[in-house]
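*Asks:* Structure incoming, see below.
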Amino acid sequence: MFRIIRPLQGLAGVMRPAERRLAILFQPVRRFGKMLNSSQTWIAHSGLGLGLPRISQPKRGMVNRPLRLKKMPTDYPLLTGSEHWRRKARMVFQRMDANADGYLTKEDYVSTAQTLIDHLSLTGEKAERILKGRLELWAAIAGDKTRLSAEEHWRNNLALLNGVFFRQEMYRTLICTEFSTMDIDGDGFISKDEHAAYYYSLDIPTECSKDDFDIMDTNGDGLVSIDEFAESFLGFWLTEDSNNIYNQNFGHLVIDQCD
Ligand SMILES: [Ca+2]
Ligand SMILES: [Ca+2]
136 MFRIIRPLQG LAGVMRPAER RLAILFQPVR RFGKMLNSSQ TWIAHSGLGL
186 GLPRISQPKR GMVNRPLRLK KMPTDYPLLT GSEHWRRKAR MVFQRMDANA
236 DGYLTKEDYV STAQTLIDHL SLTGEKAERI LKGRLELWAA IAGDKTRLSA
286 EEHWRNNLAL LNGVFFRQEM YRTLICTEFS TMDIDGDGFI SKDEHAAYYY
336 SLDIPTECSK DDFDIMDTNG DGLVSIDEFA ESFLGFWLTE DSNNIYNQNF
386 GHLVIDQCD
């Protein structure tokens, strides 16, 4: 099993807050240098050469243990980019395109983060963590691009998600970063209020939050753990089944209207 990598220490202490917000504390991408075994050879390498997977190490509030997954990312078939899957990707694009100009930019991610920060009157470390998490998600998908069209967005996602780097390593840090942007108080769980606030920040009707939260909360304890979140994240992004229970889940997706 892989382990969640220890938090990155360093620059935060010597930078001014404004610099810290914009700094991307990424470590160099680890090249995938080992031989693939036979069950992994079907995985495309396409995510490796695009300059995409610059992703930071998990920060505070993250679990320092392997994710407990019923199904590993390598167990999901390669995505084909089906119409259904692209529809999901388009909806995510629309949710993230805060100014609705048809392109995703860093400013969209800053804007959605700021909406959440203002909505909950967050200050200090909490506000900075939310902003930094959103910027890391942007950097992970944008690579060296400054803006993405809807088509570039789904194509980048498809390449990233089918890449061996994502399927074997990067999924953990991406899931942790995404989880961190929803776990606002950093207690290691997403509460119903945190989930609703996340929806609010992406202009998703908050009345959809309860049902989507309950789908993720598989043990019914009223909280979404990172393991429960990881199942929904992978179920959403790595399946093309129109009946998958997580199609209307995973935070920033609502297909059409919730009922
Ligand atoms: Ca929490
Ligand atoms: Ca739970």
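Take the sequence shown: its position 131, counting from 1, is numbered 266 in this note's numbering, and each next residue is one higher.
Even for Gly, the Cβ is constructed at its ideal location relative to N, Cα and C.
Computed from a predicted structure; not experimentally measured.
For the segment 264 to 276 against the segment 301 to 312, do three or more pairs of beta-carbon atoms, one drawn from each stretch, fall closer than 8 Å, so that the two count as touching?
*Replies:* yes
*Asks:* Within the present structure, is the beta-carbon of residue 358 separated from the nearest heavy atom of ligand 2 by less than 7 Å?
*Replies:* In the sequence shown, counting from the first residue as 1, residue 358 sits at position 223. Ligand 2 has a heavy atom closer than 7 Å to the beta-carbon of residue 358.
*Asks:* What does the alpha-carbon distance come out to for the pair residue 178 and residue 338?
*Replies:* Here residue 178 is taken as the residue at index 43 of the sequence shown, counted from 1. Here residue 338 is taken as the residue at index 203 of the sequence shown, counted from 1. Note that residue 178 scores a pLDDT of 36, beneath 50, so its modelled location is shaky; the value from the coordinates is reported in the next line. Between residue 178 and residue 338, the C-alpha separation is close to 35 Å.
*Asks:* Out of curiosity, what's the CA-to-CA distance linking residue 230 and residue 273?
*Replies:* Position 95 of the sequence shown, counted from the first residue, corresponds to residue 230. Position 138 of the sequence shown, counted from the first residue, corresponds to residue 273. Rounded to whole angstroms, residue 230 to residue 273 spans 13 Å at the Cα level.
*Asks:* Quickly, what does DSSP pair residue 284 with across the bridge? List them, please.
*Replies:* Taking the sequence shown and counting its residues from 1, one reaches residue 284 at position 149. In the DSSP output, where bridge partners are listed per residue, residue 284 has 238.
*Asks:* Could you check the C-alpha separation between residue 283 and residue 238 for me, to the nearest Å?
*Replies:* Along the sequence shown, one-based indexing puts residue 283 at 148. Along the sequence shown, one-based indexing puts residue 238 at 103. Looking at the two C-alpha atoms, the distance is approximately 5 Å.
*Asks:* Are three or more beta carbon pairs between the segment 340 to 355 and the segment 222 to 236 nearer than 8 Å?
*Replies:* no
*Asks:* Helix, strand or coil: how does DSSP classify residue 380 here?
*Replies:* Here residue 380 is taken as the residue at index 245 of the sequence shown, counted from 1. Looking at residue 380 - three-state DSSP - the assignment turns out to be coil, as it is neither helix nor strand.
*Asks:* Should residue 324 be counted as a contact of ligand 1 given a C-beta to heavy atom distance under 7 Å?
*Replies:* On the sequence shown, position 189 is the one that residue 324 refers to. Yes, the Cβ of residue 324 comes within 7 Å of a heavy atom of ligand 1.
*Asks:* Taking three-plus beta-carbon pairs below 8 Å as touching, is the segment 371 to 378 in contact with the segment 201 to 219?
*Replies:* Short answer: they touch.
*Asks:* So does the segment 314 to 334 actually touch the segment 348 to 366, counting three or more Cβ pairs closer than 8 Å?
*Replies:* yes
*Asks:* Out of curiosity, what's the CA-to-CA distance linking residue 228 and residue 240?
*Replies:* Taking the first residue of the sequence shown as position 1, residue 228 is located at position 93. Taking the first residue of the sequence shown as position 1, residue 240 is located at position 105. Cα to Cα, the separation comes out at about 11 Å.
*Asks:* Ligand 2 heavy atoms versus the CB of residue 363: any closer than 7 Å?
*Replies:* Sequence index remark: in the sequence shown, residue 363 carries index 228 (1-based). For ligand 2, at least one heavy atom lies less than 7 Å from the Cβ of residue 363.
*Asks:* In chain order, which continuous runs of the beta strand (DSSP E) of length 3 or greater are located wholly inside the segment 258 to 324?
*Replies:* 282 to 284
*Asks:* At a cut-off of 7 Å, is residue 318 close to ligand 3 when judged by its beta-carbon and the heavy atoms of the ligand?
*Replies:* No copy of ligand 3 appears in this structure; the ligands present are ligand 1 and ligand 2.
*Asks:* Go ahead and label residue 254 buried or exposed: buried means 16 or more other beta carbons lie within 10 angstroms of its beta carbon, across all protein chains shown.
*Replies:* The sequence position of residue 254 within the sequence shown is 119, counting from 1. The residue in question, residue 254, is exposed, as its Cβ has fewer than 16 Cβ neighbours within 10 Å.
*Asks:* Examine ligand 2 and report whether any of its heavy atoms sits within less than 7 Å of the Cβ of residue 352.
*Replies:* Residue numbering aside, residue 352 sits at position 217 when the sequence shown is read from its first letter. Residue 352: yes, Cβ under 7 Å from ligand 2.
*Asks:* Roughly how many angstroms lie between the CA atoms of residue 336 and residue 242, to the nearest whole one?
*Replies:* Along the sequence shown, read from residue 1 onward, the residue named residue 336 stands at position 201. Along the sequence shown, read from residue 1 onward, the residue named residue 242 stands at position 107. Roughly 14 Å between the two C-alpha positions.
*Asks:* Please classify residue 298 as buried or exposed, where buried requires at least 16 neighbouring CB atoms within 10 angstroms.
*Replies:* The residue you call residue 298 lines up with position 163 of the sequence shown. Buried: at least 16 other Cβ atoms inside 10 Å.
*Asks:* Would the C-beta of residue 313 count as close to ligand 1, meaning under 7 Å from any of its heavy atoms?
*Replies:* Counting from 1 along the sequence shown, the entry for residue 313 is found at position 178. If you check the C-beta of residue 313 against ligand 1, you find no heavy atom less than 7 Å away.
*Asks:* Does the distance from the CB of residue 347 to the CB of residue 383 come in under 8 Å?
*Replies:* Within the sequence shown, residue 347 is the residue found at index 212, counting from 1. Within the sequence shown, residue 383 is the residue found at index 248, counting from 1. Cβ atoms of residue 347 and residue 383: closer than 8 Å.
*Asks:* Given a threshold of 16 other Cβ atoms within 10 Å of its Cβ, counted over all protein chains shown, does residue 279 qualify as buried or as exposed?
*Replies:* For the purposes of this step, residue 279 is taken as the residue at position 144 of the sequence shown. By the 10 Å Cβ count, residue 279 comes out exposed.
*Asks:* Residues in its own chain within less than 6 Å of residue 262 by CB, not counting five upstream and five downstream?
*Replies:* Sequence index remark: in the sequence shown, residue 262 carries index 127 (1-based). The answer, listed in chain order, is 252.
*Asks:* Just to confirm, does residue 329 get its C-beta within under 7 Å of one of the non-hydrogen atoms of ligand 1?
*Replies:* Position 194 of the sequence shown, counted from the start, is the residue given in the question as residue 329. Checking every heavy atom of ligand 1 against the Cβ of residue 329, one is found closer than 7 Å.
*Asks:* Mark residue 377 as exposed unless 16 or more other C-beta atoms lie within 10 angstroms of its C-beta, in which case mark it buried.
*Replies:* The residue you call residue 377 lines up with position 242 of the sequence shown. When all chains shown are included, residue 377 counts as exposed.
*Asks:* For residue 329, which residues in the same chain have their Cβ closer than 8 Å to its Cβ, ignoring the five residues on either side in sequence?
*Replies:* Working through the sequence shown from its first residue, we reach residue 329 at position 194. 317, 318, 319, 320.
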